[in-house]
Every structure is written in structure tokens, then in C-alpha cells.
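Chains as they are written, first to last, in our numbering: chain A, 1 to 108; chain B, 109 to 223. All residues carry an ideal CB built from backbone N, CA and C; glycine is no exception.
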Amino acid sequence: GIQVEQSPPDLILQEGANSTLRCNFSDSVNNLQWFHQNPWGQLINLFYIPSGTKQNGRLSATTVATERYSLLYISSSQTTDSGVYFCAVEGGFQKLVFGTGTRLLVSP
Amino acid sequence: DGGITQSPKYLFRKEGQNVTLSCEQNLNHDAMYWYRQDPGQGLRLIYYSQIVNDFQKGDIAEGYSVSREKKESFPLTVTSAQKNPTAFYLCASSSPHETRTDTQYFGPGTRLTVL
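Following this line, the structure appears as C-alpha cells:
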């Protein structure tokens, strides 16, 4: 099946810093999503981005489908950005395969 | 407000007991999913349902069972056959035909601990 790798596995930032999270996948996909899991376990969908670039406030994402990777950019990080960021890609009809995530800690 | 609810939030079970986790959505979504998350890991798909009265096994279905009798509800039963059931369980839903995306929306999760 399709493989999803995320890097880095852990990231510690000072408040205000910028960061880039990467997601590599092993096969072409029609569906790629980025999620944020807060410390209480709730997952929030950040982007549905099978290709191209999208922006939402301080967050933006770019997927280069032909090269099988996606990037999530976080600018001017805040402590509320802490948590785990997951990339998930389609592994079959309406089925998502998740990476193991990037754990982000933003310190004040 | 529209959303997905899961209950209970925390659940403790003795070995050898079956337990059922609830998932309800009022988003009018056709598809629903159950995932399992172990500490420090990503999510793995247990079962999914694309329509009422139909469901499919995911990657780790052994020891679990589901039903989809109503569009709004997709309960998951963790049976005694599941060898290591302690985990965080997440339910999700999506409606690709309405939204033209496969964006999945998640409930708050249930933490199951086997004593």
C-alpha cells in the first residue's frame, strides 16, 4: 500500500518563529489532507490539498503531486499551534492513510 | 450546531468484556469511519461505511465489529477477541458528493483502557 512519511518527527520553536513541515508519499494521490491534533486529541482539518497551494491565515500548504510531496508552512507561530500535525493521503476509495505526524511544541 | 459526537470520553473495561463506542453525526454525511490511534502513532483505519446498511473492513478490523442502521450513527464494538484494545478511538465522517472533496471531520475521541 501507499506509504506516508513526515518530517521532522519533533520540532521545538520559540513563539514567533516560522517552520516548514514535510510530507512525502510513495504513489500518486487524488486526495491529501493536513490535520492538527491538539493536546486533548481533537483532530481539525487544516487543508484539503491534492495539488497546488492554499493559504489560511498564518498557515499555508503546497502539494507538488508530480514529485509526491506536500509542505505545511506555519508563520509567526503561537503557543496554540502546539500539537501534532498529520498528513493523510488517499489509500483507496475514500480511505485515508496517515503519516506518523510531526510533534510541534511552541514555547513562549 | 452540526458536528460529530462520541461517547463516552473515557472508558475502562475488564479483559474479556465486549464494549461499544458510540459515534453520532448530524452533518448529513454519507460516509463514516473508525480509526485507532496508539501513543506516538498515526491513525489506522478499523472500519468504514459509505452508505447505510453497508460497511467495509479497514486495515485493522480483527477483533472489532460495526453496524450502520442509521445514517447518523456508526457504533463500534470492541470484542474480547481484540488482543490489545487499549487505545484512543476516533470517529470521522465525510460527504464527497456534497462537498466535492473527501475532507474528513473528526469527533473528540474515546480513550479506552483495558484493566
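Run of the beta strand (DSSP E) containing residue i, from where it starts to where it stops
i, result
"Phe182 of chain B", "Neither: Phe182 of chain B is in no beta strand (DSSP E) and is coded neither H nor E."
"Thr218 of chain B", "Thr218 to Val222"
"Gln67 of chain A", "At residue 67 of chain A the sequence reads Glu, which differs from the Gln that was named. No beta strand (DSSP E) holds Glu67 of chain A; DSSP gives it neither H nor E."
"His36 of chain A", "Leu32 to Gln37"
"Phe196 of chain B", "Ala195 to Ser202"
"Leu135 of chain B", "Element bounds for Leu135 of chain B: n/a, residue is neither H nor E."
Separation of residue j from residue i, as counted between CA atoms
i, j, result
"Pro216 of chain B", "Thr194 of chain B", "17 Å"
"Trp40 of chain A", "Thr100 of chain A", "17 Å"
"Gln14 of chain A", "Glu123 of chain B", "44 Å"
"Ser173 of chain B", "Asn126 of chain B", "10 Å"
"Ala169 of chain B", "Asn134 of chain B", "25 Å"
"Asp167 of chain B", "Phe86 of chain A", "18 Å"
"Asn45 of chain A", "Thr211 of chain B", "7 Å"
"Ala25 of chain A", "Thr113 of chain B", "The amino acid occupying residue 25 of chain A in the given sequence is Phe; Ala does not appear at that position. Going from the Cα of Phe25 of chain A to the Cα of Thr113 of chain B covers about 31 Å."
"Lys54 of chain A", "Phe98 of chain A", "20 Å"
"Cys23 of chain A", "Gln3 of chain A", "10 Å"
"Gly57 of chain A", "Gln145 of chain B", "29 Å"
"Ser188 of chain B", "Tyr69 of chain A", "40 Å"
"Asp138 of chain B", "Ala65 of chain A", "28 Å"
Nearest candidate by alpha-carbon position, reference residue i, set the options
i, options, result
"Leu220 of chain B", "B:Thr211, B:Tyr213 and B:Pro147", "B:Pro147"
"Val160 of chain B", "B:Lys179, B:Thr185, B:Tyr143 and B:Gly111", "B:Lys179"
"Lys165 of chain B", "A:Ser26, A:Ser60 and A:Phe93", "A:Phe93"
"Val222 of chain B", "B:Cys199, B:Thr211, B:Thr113 and B:Phe120", "B:Phe120"
"Leu151 of chain B", "B:Pro183, B:His137 and B:Tyr197", "B:Tyr197"
"Pro8 of chain A", "A:Val64, A:Gly1, A:Leu21 and A:Ile2", "A:Leu21"
"Gly83 of chain A", "A:Leu59, A:Ile2 and A:Leu11", "A:Leu11"
"Ser201 of chain B", "B:Gln145, B:Ser130 and B:Gln158", "B:Gln158"
DSSP three-state assignment for residue i, whether helix, strand or coil
i, result
"Thr100 of chain A", "coil"
"Asp210 of chain B", "coil"
"Thr80 of chain A", "helix"
"Asp146 of chain B", "coil"
Query raised in the report: Counting Cβ pairs, one atom from each stretch, are 3 or more of them under 8 Å apart for the segment 40 to 53 of chain A and the segment 21 to 32 of chain A?
Result: yes
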